[in-house]
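Q: 24 is the number that numbering that gives the first Met the number 0 gives to position 25 of the sequence shown; each next residue is one higher, with no gaps. I have a structure here, written as structure tokens, and I will follow up with some questions on it.
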Amino acid sequence: MALDASIIDVTLPSGMTSTEMDAIVDFSAKFNLDACRASPGSQNCQAEFGLIVRRGEQESTPIGVRFTLNLDGSSPVEGSVYVERAKSSMNPKANQETIFGPHTLRFDAQTGVFDVSMRVISDHSILECFFDGGRRAITARIYPEDEKSVGVAFFNKNSAQGPAVTVKNADFWAMKEARVDE
């Protein structure tokens, strides 16, 4: 599925929500290197995309990849992965700080293509996020208060010079409640 510069809601299997979910999403992005180079005064192209969990009318938590492709020959892809908690809770006492982690992306300079895999485990107020098979991981606490904040979406914030982003594969599973017998 191609992601244009927007938000695309995901239809989960019947009865499933992002409250208790395990998701694996494989993204592919292709830069038009000629368009990047032709942009006036541009030394780089930027991109940002990912997955939104616990999505509702007033609350949502984007989990994403943000990076810069340098055209000057320096480090080809500088990037970070993140969990943005600015809108993850309506409670003003909840931590709304974005958690970033540096991440080096696998990039094919000949084709302008790179792939990113993301695994997100959402268990009520805990998020476990693994990028590219666990090469980078982020754990975050979120405190959604609206019981309707259960949706999932893909997002793409790229400019016209940004890459064409596609979702190559997306699998979602409902997690079952763990019970410990005493």
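Just so it is clear, CB atoms sit at the ideal spot from N, CA and C, and this is done for glycine as well.
1. How many angstroms separate the CA atom of Ile7 from the CA atom of Val52?
2. Excluding the five sequence neighbours on either side, which residues of its own chain have a C-beta within less than 7 Å of the C-beta of Gln57, listed in chain order?
3. Whole angstroms is fine: what's the gap from Cys44's alpha carbon to Gly111's?
4. Kindly indicate which three-state DSSP category Ala34 falls into: helix, strand or coil?
5. Which class does Ser121 belong to by DSSP, given the choice of helix, strand or coil?
6. Is the CB-CB distance between Phe153 and Leu2 below 7 Å?
7. Report yes if the CB atom of Ala169 is closer than 7 Å to the CB atom of Lys29, and no otherwise.
8. Does the count of Cβ pairs from the segment 120-135 and the segment 58-72 closer than 8 Å reach three?
9. Is the beta carbon of Val24 closer than 7 Å to that of Leu50?
10. So Arg54 packs on Ser121, CB below 8 Å; how close in whole Å?
11. Output needed for Glu96: all residues of its chain with C-beta closer than 7 Å, excluding positions within five of it in sequence on either side, in chain order.
12. Closer than 7 Å by C-beta to Asp21: which residues in its own chain qualify, once you throw out the five before and the five after it? Chain order, please.
A: Quick answer:
1. To locate residue 7, count along the sequence shown from 1; it is residue 8. To locate residue 52, count along the sequence shown from 1; it is residue 53. Each residue's alpha carbon lies about 12 Å from the other.
2. Numbered from its first residue, the sequence shown carries residue 57 at position 58. Counting only Cβ-Cβ distances below 7 Å, and skipping sequence neighbours, we find Met89 and Asp145.
3. The residue you call residue 44 lines up with position 45 of the sequence shown. The residue you call residue 111 lines up with position 112 of the sequence shown. If you take the alpha carbons of Cys44 and Gly111, they lie about 11 Å apart.
4. The count along the sequence shown starts at 1 and reaches residue 34 at position 35. Helix at Ala34.
5. By one-based count along the sequence shown, residue 121 stands at place 122. Three-state result, Ser121: strand.
6. The residue given as residue 153 occupies position 154 in the sequence shown. The residue given as residue 2 occupies position 3 in the sequence shown. Yes, they are a contact pair.
7. For the purposes of this step, residue 169 is taken as the residue at position 170 of the sequence shown. For the purposes of this step, residue 29 is taken as the residue at position 30 of the sequence shown. Their beta carbons are not under 7 Å apart, which means Ala169 does not touch Lys29 by this criterion.
8. yes
9. The residue given as residue 50 occupies position 51 in the sequence shown. The residue given as residue 24 occupies position 25 in the sequence shown. A contact, by the Cβ cut-off of 7 Å.
10. Here residue 54 corresponds to residue number 55 of the sequence shown, with the count starting at 1. Here residue 121 corresponds to residue number 122 of the sequence shown, with the count starting at 1. That belief does not hold up - the Cβ atoms of Arg54 and Ser121 are roughly 11 Å apart, past 8 Å.
11. Along the sequence shown, read from residue 1 onward, the residue named residue 96 stands at position 97. Closer than 7 Å at the Cβ level, and outside the excluded window around Glu96, lie Arg84.
12. For the purposes of this step, residue 21 is taken as residue 22 along the sequence shown, with counting starting at 1. The answer, listed in chain order, is Ile120, Trp172 and Met174.
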